[in-house]
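So the structure is just underneath, and the comments pick up after that.
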Amino acid sequence: MLYRTMPKTKEPLSILGFGCMRLPTANRGIDEPAALELVDMAIERGITYFDTAVPYHMGASEPFLGRALARDGKRSKVKIATKLPHWQTSSTRDMEAVFASQLANLQTDVIDYYLVHSLNADTWARAREAGVIDFLEKAKRDGRIRFAGFSYHGSREGFTPIVDAWNWDFCQIQYNILDEQNQAGTAGLEYAASKGLGVVIMEPLRGGNLARTPPSEIQAVWNRATTKRSPAEWALRWVWNRPEVSVVLSGMTLPEHLEENVRIAEAALPGSLGTDELSLAGEAAAAYRRLMKVGCTGCQYCLPCPAGVDIPGCFDAYNNFHLFQDRSAAGFYLIRMSGALGKPALASQCVRCGACLKKCPQSLPIPDLLPDVAKTFEGPLFRIKAAGLKTTVKVQRLWTLFKDKLKASRNHKRS
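Position one of the sequence shown corresponds to residue 151 (the working numbering), numbered consecutively onward.
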């Protein structure tokens, strides 16, 4: 295993991180014996960074990781990263209550790497107003959080203001051969690194899609390489080639996934890909884009949309759904676009004003394409599912508030 040191934390971390979002499952829950085996294998192979969050596996990921690391002194061998579900909070008091439950879930007194989860420009404004910086500063001072960061899913323009807003230790962004220009992108990666932030990468394989057997046109590109590699190895080595990257997360469901990723990580030095290999990766990425339903590059020139549509996000989900037959794209569309965690940004919100047409460098007929996205994802049950998701988030917030008030009442009675 290779290790890289984050600039601010000065800690060497395994370049491969264990993501606890896609653990093996059985009977609609985590397959604990299989998942424990993976955790043990990961630690034996030198992985030191374990990433989880409250929503993963419907709330079961954090408690599982806590149990897994409580065995045989494993906690002392690794760093735990988890995240603040800011959508459940509206005050520092709420944040304290959520954080206390996370410490209990993870059976630890301190979180090594703590992130504000899934920010964009809108959700950052709300979290900041709720006092998230005050919360983080206090938790760092008293030692409950060692290092603080944020994970990001938003526009490139929204990323740099968050980087500049506080003295973050690190950040987490989505980055892979298809997302050079999407979300934070290469520009965001380089900017964060220039500010001294460690950068953790999520979705290096685009939810596993880049590890799948590619369409023949793309495989033909890889076949021209002198060194033969699997699609997963090409994708991972491309990310690790960047010196700005500290850790690459991978959700490894099977032992063979873990073994392959560890093997790749043992030789993935920054700058180790040659010019010809990077050129091939660029060709493969271009081929993926040609085969996509919509030739959107994610440049985001079309934003902001007057009607609030997340145009690049809609097209990204649509392309994943069709190019890779990725049915999980419908779930991501529901979560990201329905307004459960922020403002609604649905394809169906398009009013055909045409403002985007003058801005798109690809000259895409955006108003004509968005109805196809809506038809794909916004079926008869979509509104019901969206309402259910919003209700769930609201109930989570109210439950957190209720528990906090109940605890305060009990403490008052004792005093």
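Even for Gly, the Cβ is constructed at its ideal location relative to N, Cα and C.
- Query: Just curious, the beta strand (DSSP E) that I230 is in, first and last residue?
  - Reply: 229-234
- Can you check the stretch 184-222 for any beta strand (DSSP E) of at least 3 residues that lies completely inside it and give the ranges in chain order? 199-201
- Around the Cβ of E353, are there at least 16 other Cβ atoms within 10 angstroms (buried) or fewer (exposed)? buried
- Message: In the DSSP output, which residue or residues are listed as bridge partners for G348?
- Response: F320
- Message: Below 8 Å, how does it come out for the stretch 237-255 and the stretch 199-214: are there three or more Cβ pairs, yes or no?
- Response: yes
- Identify whether G299 lies in helix, strand or coil by the three-state DSSP scheme. strand
- Three-state secondary structure assigned by DSSP to G489: coil
- Item | Beta-carbon contacts of V371 that lie in its chain and below 8 Å, excluding the five residues immediately before and after | L430, E433, A434, A437
- Query: Whose CA, out of T232, S211, V248, K443, lies closest to the CA of K555?
  - Reply: V248
- Distance, Cα to Cα, Y468 vs V523? 6 Å
- Item | Assigned exposure category for P405 - 16 Cβ within 10 Å defines buried | exposed
- Message: I need the straight-line Cα distance from I312 to A271, nearest angstrom please.
- Response: 8 Å
- Using 8 Å as the Cβ pair cut-off and three pairs as the minimum, do the stretch 453-465 and the stretch 503-510 touch? yes
- Task: Taking V349 and L163 to be in contact with their CB atoms under 8 Å, please state how far apart those CB atoms are, rounded to whole angstroms.
- Result: At roughly 11 Å, the Cβ-Cβ gap does not stay under 8 Å, so V349 and L163 are not in contact.
- Which residue or residues does DSSP assign as beta-bridge partners of V266? L234, F300
- Query: What are the boundary residues of the alpha helix (DSSP H) that includes L256?
  - Reply: 242-256
- Query: For T526, which residues of its own chain have a beta-carbon under 7 Å away from its beta-carbon, when the five flanking residues on both sides are left out?
  - Reply: Y468, F471
- Around the Cβ of R154, are there at least 16 other Cβ atoms within 10 angstroms (buried) or fewer (exposed)? buried
- Message: By the DSSP assignment, the beta strand (DSSP E) with V395 in it spans what residues?
- Response: 395-400
- Task: Work out the CA separation of T376 and F285 for me, nearest whole Å.
- Result: 52 Å
- Task: Name the residue from A537, K443, R560 whose alpha carbon lies nearest to the alpha carbon of I516.
- Result: K443
- Collapsed DSSP secondary structure at T526 in the structure displayed: helix
- Query: Over what stretch of residues does the alpha helix (DSSP H) that includes F168 continue unbroken?
  - Reply: Looking at the DSSP string, F168 is not in any alpha helix (DSSP H); the run it does join, the beta strand (DSSP E), is 166-169.
- Query: Between the Cα of G338 and the Cα atoms of E394, A218, A254, A418, which residue gives the shortest distance?
  - Reply: E394
- Mind listing, in chain order, the continuous beta strand (DSSP E) runs of no fewer than 3 residues lying wholly within the stretch 435-474? none
- DSSP on L386, reduced to helix/strand/coil? helix
- Query: Using the rule of at least 16 other Cβ atoms within 10 Å of the residue's Cβ for burial, across every protein chain shown, is N373 buried or exposed?
  - Reply: exposed
- Query: What is the DSSP secondary structure of T377, reduced to helix, strand or coil?
  - Reply: coil
- Is the stretch 286-295 in contact with the stretch 323-332, if contact means three or more CB pairs nearer than 8 Å? no
- If we call anything under 7 Å between Cβ atoms a contact, is G167 one with L399? yes
- Task: Helix, strand or coil for Y153, going by three-state DSSP, please let me know.
- Result: strand
- Query: Going by other Cβ atoms of all chains shown within 10 Å of its Cβ, with 16 needed for buried, is I534 buried or exposed?
  - Reply: exposed
- Report the rounded CA-to-CA distance for L386 versus L355, giving the unit in angstroms. 7 Å
- Name the one or two DSSP bridge partners that L163 has. R154
- Message: Could you tell me the alpha carbon to alpha carbon distance between A289 and A280, rounded to whole angstroms?
- Response: 15 Å
- 7 Å CB neighbourhood of A210 in its chain, flanking five on each side removed: G179, I180
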